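In the numbering used here, the protein residues as written are 30 to 316.
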């Protein structure tokens, strides 16, 4: 999970660098194309079964759609926002995950965890409010990422016991390509800023390759982690991603969170860690 947290921000950096010249939809599609190409030799070398059961097709399609939505929303956000600010807002995802677990799986969620999630959302507002003033409604796109990624995590967890992590990434990539390419073909020549594809030039090829490469490595690491380790153990490590994002954002773009953003990050992280603590206590009481 630490590998995911340290490498996922590199995906965000590559995406932000690409947005200077490449439409957001094309960056999103490139993620799946490159990731799918990289997974082919891995599948062959590891002799992993390519066949996808009928039962898993709908899960793969859902996982791909949610990842497309999550990626598109986040890349739209970092087009104008600092990576750390966008990621801080997106980190309400664990709170959404808590509510979805309660609503869909009837998970036992006590009032303290509900209260902590509300406080966490208030922390996100500390980041969203100044971002709305500075960047407009695009500051809300990370919330779209949070909702989509929460559902993506639930889907991944459901699939982890039935599919090899590499096969899961490969089939998700192929399904993502199937979903993205028709949109790109339809938008070609329309002048639709977010989707009309362009021919990459110079370093843009490297940025697009980086989007797919870092996505493949980081998300495969996350899938392995979900398969072999309890979620309660992994959850606290996820917050290292913010630290890595702040460092890379400052090193590459010169972006450093202001005091309001730091305050919001602090509230979000503290609320998230408290929820993890309460979940562990609840698990201990069950045993």
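Just so you know, even glycine gets a beta-carbon here, dropped at the ideal spot from N, CA and C.
All values derive from a computational prediction rather than experimental measurement.
With a Cβ-Cβ cutoff of 8 Å, do residue i and residue j count as a contact?
i: residue 275; j: residue 149; result: no
i: residue 271; j: residue 120; result: yes
i: residue 44; j: residue 56; result: yes
i: residue 51; j: residue 233; result: yes
i: residue 36; j: residue 221; result: no
i: residue 224; j: residue 65; result: no
i: residue 202; j: residue 33; result: no
i: residue 146; j: residue 178; result: no
i: residue 38; j: residue 273; result: yes
When the Cα atoms are used, what is the spatial distance from residue i to residue j?
i: residue 319; j: residue 183; result: Nothing about residue 319 can be read from this structure; the chain reaches only from 30 to 316.
i: residue 151; j: residue 293; result: 8 Å
i: residue 128; j: residue 230; result: 44 Å
i: residue 116; j: residue 110; result: 10 Å
i: residue 97; j: residue 91; result: 10 Å
i: residue 58; j: residue 200; result: 15 Å
i: residue 191; j: residue 46; result: 36 Å
i: residue 290; j: residue 284; result: 12 Å
i: residue 73; j: residue 278; result: 36 Å
i: residue 212; j: residue 249; result: 26 Å
i: residue 302; j: residue 126; result: 14 Å
i: residue 207; j: residue 287; result: 41 Å
i: residue 113; j: residue 185; result: 25 Å
i: residue 266; j: residue 218; result: 44 Å
i: residue 85; j: residue 159; result: 43 Å
i: residue 139; j: residue 132; result: 13 Å
i: residue 193; j: residue 253; result: 9 Å
i: residue 172; j: residue 163; result: 17 Å
i: residue 228; j: residue 235; result: 13 Å
i: residue 130; j: residue 180; result: 10 Å
i: residue 166; j: residue 176; result: 17 Å
i: residue 237; j: residue 174; result: 20 Å
i: residue 75; j: residue 83; result: 23 Å
i: residue 157; j: residue 307; result: 27 Å
i: residue 137; j: residue 87; result: 27 Å
i: residue 313; j: residue 155; result: 34 Å
Using only alpha-carbon positions, find the residue among the options that is nearest to residue i.
i: residue 304; options: 165, 143 and 68; result: 143
i: residue 299; options: 268, 280 and 30; result: 268
i: residue 209; options: 186, 218, 226 and 219; result: 226
i: residue 40; options: 75, 102 and 240; result: 240
i: residue 103; options: 85, 76 and 122; result: 122
Using a 10 Å radius around the Cβ and a threshold of 16 neighbouring Cβ atoms, would you call residue i buried or exposed?
i: residue 78; result: exposed
i: residue 198; result: buried
i: residue 49; result: exposed
i: residue 245; result: buried
i: residue 257; result: exposed
i: residue 108; result: buried
i: residue 134; result: exposed
i: residue 196; result: buried
i: residue 204; result: buried
i: residue 67; result: buried
i: residue 214; result: exposed
Rounded to the nearest angstrom, how far is the Cβ of residue i from that of residue j, given a contact under 8 Å?
i: residue 161; j: residue 153; result: The pair is not a contact, with the Cβ atoms about 12 Å apart (cut-off 8 Å).
i: residue 71; j: residue 281; result: With 8 Å as the limit, residue 71 and residue 281 do not qualify as a contact, their Cβ atoms being about 28 Å apart.
i: residue 100; j: residue 60; result: 6 Å
i: residue 89; j: residue 81; result: 7 Å
i: residue 170; j: residue 106; result: 4 Å
i: residue 30; j: residue 251; result: 7 Å
With a threshold of 7 Å (Cβ to nearest heavy atom), would residue i be considered close to the ligand ADP?
i: residue 210; result: The ligand ADP is not part of the structure shown, which contains no ligands of any sort.
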